[in-house]
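Here the structure is laid out as C-alpha cells; the discussion comes afterwards.
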Amino acid sequence: MFFRMIKGAFVRQWKKMLMIALTIALGASLATAMLNVMMDVGDKVNQELKTYGANITVVPKTASVVDDLYEVEDGTSASSGAYLREDELGNIKTIFWAFNIVDFAPFIDTTASLSDGNGVTVVGTWFNHHLDLPTGEALNTGVHSLRTWWDVTEGEWLDEQTFTSGTQGAMVGETLAKQENIHAGDTITLTTEHGSESFTVAGIFSSGDSADDQIYAPMDAVQTLSDTDGKLTSIEVSALTTPDNELAEKAAKDPGSLTISQYELWYCTAYVSSICYQIQEVITDSVASPVRQVADSEGAILEKTQLLMVLITILSLVGSALGITNLVTASVMERSNEIGLMKAIGAKNSSISALVLTEIILTGIVGAAIGYFAGFGFAQIIGQTVFGSSIEMKPFVIPIVAVLVIAVTLIGSVPAIRMLLRLRPAEVLHGR
Amino acid sequence: MTKQKMFLRMITASLIRRRSRMLVALLAIAVGGTILSGLVTIYYDVPRQMGAQFRNYGANMIFVAADTETALTMDAAEEAASVIDSGDLLGMTPYRYETVRIHEQPIVVAGTDIESTKITSPYWHIDGSYPASSGEVILGSDVAELLGLGVGDSFNATYSTGDDSDSDEPNLGVDMKVSGILETGGSEENYLYMSMDDLNELAGEKDSLQVVELSISAMQEELRSYVEQISENSDAVAARLVKRVTQSESTVLTKLQALVFLVTAVVLVLTMICVATTMTAVVTERRREIGLRKALGASDKSIIGEFMGEGLLLGGIGGLVGSVLGFVFAQLVSVNVFSSSITFQPLLIPITMVVSVLVTGLACLLPVRSTMAIDPALVLKGE
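Structure representation (C-alpha cells):
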C-alpha cells in the first residue's frame, strides 16, 4: 500500500515534483561543478606554470663550471672534464614519476668563431625533437616548450622534424644578430678547432636574458663541432610537482635520514626533491637540483590558488545547501492540508513521516542526478574557457554530492514535518 | 492617515506577521547578496593579490649600460628608476662584478645590496644566514665546493689590477668569513656575494655597475611602457624586461582572473535562480490572500504594488546584509590565502542592494501577475 501511495503521488503530482526536483538539481549542479573545478584546478594551474620553463637542472657530478652571466667570453669558457651521457636521456621517462615529466631538453655548450673571426657561444640542444623511448612510447620535446617566453622576431622556430633546407638550421639571439647583421634565412658558418659547419638561420629570437648573445643549434651538429659526440653538459627538465612541505625539505637534505615509511611516502609523492632523486638514479654520475626560482614560486602560487578555490567552493556549497533547505521546507509546509487530513483520518505520525520523507528523498535523488550532469556541463564550460582543456571528473564527487543533497533534504524536511505533526489536525485543516 | 503611510504600514505589518516565512526568504536573498559581493570583491582583488605572489619569481626588469662606452652608475640607475611609481617599485638591487683570488683561484665576486636581494631574489636558499656585519659573505654552492669552504669558515681574498709595480706595500687582501651558502639551482651558485662596501674595500671604489635588477609590481603593459620611457629619457641606462618572468606572469594571471570570473558568474546565476524560486514559492503561498483582497474590491494595481513593495523592502534589507557578509567572506579569504587585507570597494554595497532588489522584484512580479488572472472565487475555494 505504501508503495502504491508513493507511486500515486508521483503520477498525479509529477509537475510539482518536477519543480522541486529541478530546484534541487540547481543546487546539486552548483555543488558538482565547484567541487570538480576545485579538485582539478591544482593540476591545471600547475600546467600553466610550466611556461616559466624548467624547474629541474641536471649536471654532471664532477662539474665545476665558472661561466660569466652577462659578459661573453672570447676565449674558451672554463670547462669541466665531465659530461652526461646522451644515450641515457630516454631513462628520464622511466622513473616512478615519468608521467609528471612534461618536457626536457639536453644542452651542450661550446664556443666557435663566425666567418668574421668573432667568437660566439653556441648552444646545442633539441628544438622539437622526436624521441622513441625504451618503453615503446614516443614523444616530442625540446627547447620550444621550455623557452615559451622567447619572442621570435624574424623567421620562425626551428623544428628539426620539418626543417627542409640543405644545411642544418640554427636560431640566433637578437643582440648577436644586430651586432653581426644576421637575418633569418642567412647562412652562417661556425668554425672550431675540430672543423667547420654551415647553418641556415631559421629565426631570430629575443629572450630578455643572456641567450640573446648566443646561437642555438641542433645537438648533433654542435657535438660534432666540439668533438663531444654522445656527451651533454646539462639537461633541463620541466616537471609537474607537489608543493614542498616539512617532509620534503627534510628528505631534500638527506634521504637517508628518513624512516622506511617516511621514505616511501616521500618517494611516492611528486615533490621536486623526490623527482630530482629519481632522476639521479637513472642518469649516471649526475646531480639533479631544483631551480629554486621556479620550483619554490610554483609551490607558493599553487597553494594559494587551491586555497582560494576551496574557500569559494565552501561558500557556494553553503549557498546551495541553504537554497535547497529553504525550498524543501517550503514544499513540506505547502502540504500542511494533506498531512492534517491524514492525521485526522487516523494515520500514525510515523507512517505520515515515512510517506512524506520518502517522496521528498526520491525527488531529491532525481534532482541530484539531473544536477550532477548539469554540473558536469558547467565544469567543462569553465575548464574549456579558462584553460582550453576539459576538467577531469573525479568519481568521488558523486558520493559527496549525493550525501550533501540527502543530508540537506533531511535537514529541510524533518523539522517541518515534525512541526506540522505536532499541530492539531483541526487547526491544520483549517488553514493556519 | 495618508495613502503612503497606510501602504508602508501594510507592508511592514505583513512582513512582521509572517516573520518565519519572510525570514526564510530574507535568508535566501542574503545568501545571494553575500555571494555576489564576496565573489566580485575577490574578482577585483585577485590580480593585485596574486600579482604580489608572482614577485616571488624575483626581478622582472634589469638595467644595463646603454652601450659599451658609458658606465652604468648608481645615480644614473636611480634617476632612470624615478619614472616608476614609488609604490610599485618593490626593490632595486645593484650588482658589480669583479674577479678576485681566493686560495689562489680566480673567483667572480658580486658586490651588491644584500638587504635588497631579499626582495629581488626571494627564492635564494641560504644554508646558514645572511651577512650580519661587514666582512661576511654569501658563497654560491659551486664556489663553496671548489674552495672547500663551509659556513663559518674564514678566508683571505686579494684583488689585483695586475699593475702593482708602483705600489711598495704588499697586497695583503681582506679577511672575510662565510656567513651562508647559497643554493638556487641556477647560475648564482657560481658567484660569491658581498656587500658593496666590502667590495669597495677589497677592489677599490668604482662607480660602475654591470647590472641593476628591479622588482616592480605591475602588469606587462605597464612594464613595457616603463621600459620605453626609461630608454627615451636616459642615455646611460638601457632597460630590459626579464621576459621569462613577465610573459609567464601575464599568462597565468589572466587565466586565474578568468577562472574567478567564470566561477562567480556560474555561482551567481544559480543562486539568483534559487532566490527567484524561493520568492515564487512565498508569493504562491499567499494566493488565497490575493483572492480575498480581489473579492473585497482591491484593484490589480494596488495588489501588485503592495507585493512589489514587500519584495523590494526584502530585497533591500537582504542586499544590505548580503553585501556586509560578502565583504566579511572576502576579507576571510584574503587574510587566509594571501595574508593581506582586501581593498574595500564602497561601491559594491549599493550595487549589491540594487541587484538584490531587482532580482527579488522580478521574482515577485511574475507569480503575482499570474495570480491576477485567476478568478477570486476559485482561489478562495482553495484551487
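Chains as they are written, first to last, in my numbering: chain A, 41 to 472; chain B, -10 to 372. Note that CB positions come from ideal geometry on N, CA and C, so glycine has one too.
Taking just the CA atoms, how far does residue j sit from residue i?
i         : j        : result
A:Trp137  : A:Leu171 : 18 Å
B:Asp116  : A:Gly164 : 34 Å
A:Gln87   : A:Ser278 : 10 Å
A:Ser329  : A:Glu276 : 10 Å
B:Ile262  : A:Leu357 : 15 Å
A:Leu461  : A:Leu395 : 13 Å
B:Lys232  : B:Glu211 : 14 Å
B:Val322  : B:Ile205 : 25 Å
B:Arg44   : B:Ile108 : 8 Å
B:Phe(-4) : B:Glu295 : 7 Å
A:Thr227  : A:Ala288 : 49 Å
A:Trp189  : A:Tyr412 : 40 Å
B:Arg37   : B:Ser329 : 11 Å
A:Thr150  : B:Asp34  : 48 Å
B:Val163  : B:Val140 : 18 Å
A:Ser371  : A:Ser337 : 51 Å
A:Gly115  : A:Glu126 : With a pLDDT of only 38 at A:Gly115, under 50, the local geometry of the prediction cannot be trusted, and the value read off the model is given with reservation. Computed Cα separation, rounded: 26 Å.
A:Ile319  : A:Thr281 : 14 Å
A:Gly359  : A:Ser297 : 47 Å
B:Gln165  : B:Asp186 : It should be noted that the sequence gives Met, not Gln, for residue 165 of chain B. B:Met165 and B:Asp186: Cα-Cα distance of roughly 13 Å.
A:Asp284  : B:Thr101 : 30 Å
Which residues does DSSP pair with residue i in a beta bridge?
i        : result
B:Asp164 : B:Asn145
A:Asp191 : A:Ser246
A:Gly359 : DSSP lists no partner for A:Gly359.
A:Thr165 : A:Phe147, A:Pro258
B:Met183 : B:Gly100
A:Val426 : In the DSSP output, where bridge partners are listed per residue, A:Val426 has none listed.
B:Val226 : B:Ala54
B:Asp116 : B:Ile170
A:Ile96  : A:Val277, A:Pro330
A:Val160 : A:Ala152
Less than 9 Å between CB atoms is the rule here; does residue i satisfy it with respect to chain B?
i        : result
A:Tyr92  : yes
A:Gly363 : yes
A:Pro330 : yes
A:Phe413 : no
A:Gly159 : no
A:Gly164 : no
A:Ile421 : yes
A:Asp108 : Any reading at A:Asp108 is ruled out, since the residue's pLDDT is 38, under 50, leaving its predicted position unreliable.
A:Val322 : no
A:Arg458 : no
A:Gly248 : yes
Residue i: which of the options sits nearest, CA to CA?
i        : options                                : result
A:Gln263 : A:Gly213, A:Val162, A:Val322           : A:Val162
B:Ser130 : B:Asp74, B:Leu171, B:Asp102            : B:Leu171
B:Val346 : B:Leu302, B:Asp196, B:Leu16            : B:Leu302
A:Trp166 : A:Asn180, A:Gly159, A:Pro174           : A:Asn180
A:Thr204 : A:Leu186, A:Val241, A:Glu220, A:Thr215 : A:Val241
A:His169 : A:Gly159, A:Val448, A:His184           : A:His184
B:Ala99  : B:Arg90, B:Met183, B:Tyr33, B:Val167   : B:Met183
A:Lys271 : A:Lys55, A:Thr299, A:Asp260            : A:Asp260
B:Gly175 : B:Val132, B:Leu285, B:Ile363, B:Asn160 : B:Val132
B:Gly350 : B:Ile96, B:Thr269, B:Asp164            : B:Thr269
A:Thr231 : A:Gly363, A:Asp252, A:Asp267, A:Ala310 : A:Asp267
A:Met349 : A:Ile64, A:Phe50, A:Val85              : A:Val85
A:Ile352 : B:Asn160, B:Thr266, B:Ala319           : B:Ala319
A:Gly417 : A:Ser430, A:Ser238, A:Trp197           : A:Ser430
B:Arg90  : B:Ala41, B:Leu136, B:Arg275, B:Val226  : B:Leu136
A:Ile64  : B:Ile219, B:Phe52, B:Pro339, B:Leu259  : B:Leu259
For residue i, decide whether its Cβ has a neighbour in chain A, counting only Cβ atoms nearer than 9 Å.
i        : result
B:Gln236 : yes
B:Arg275 : no
B:Thr332 : no
B:Ile127 : no
B:Gln320 : no
B:Cys353 : no
B:Leu4   : no
B:Asn325 : yes
Legend entry - Segments assigned beta strand (DSSP E), at least 3 residues, entirely inside the region 212 to 265 of chain A: 227 to 232, 235 to 246, 255 to 258
Inset, instruction - Identify every run of the alpha helix (DSSP H) within the region 280 to 335 of chain B, keeping only runs that are complete inside it and at least 4 residues long; order them along the chain. - result: 289 to 322
Legend entry - alpha helix (DSSP H) segments (min. 4 residues) lying fully within the region 319 to 401 of chain A: 332 to 374, 376 to 385
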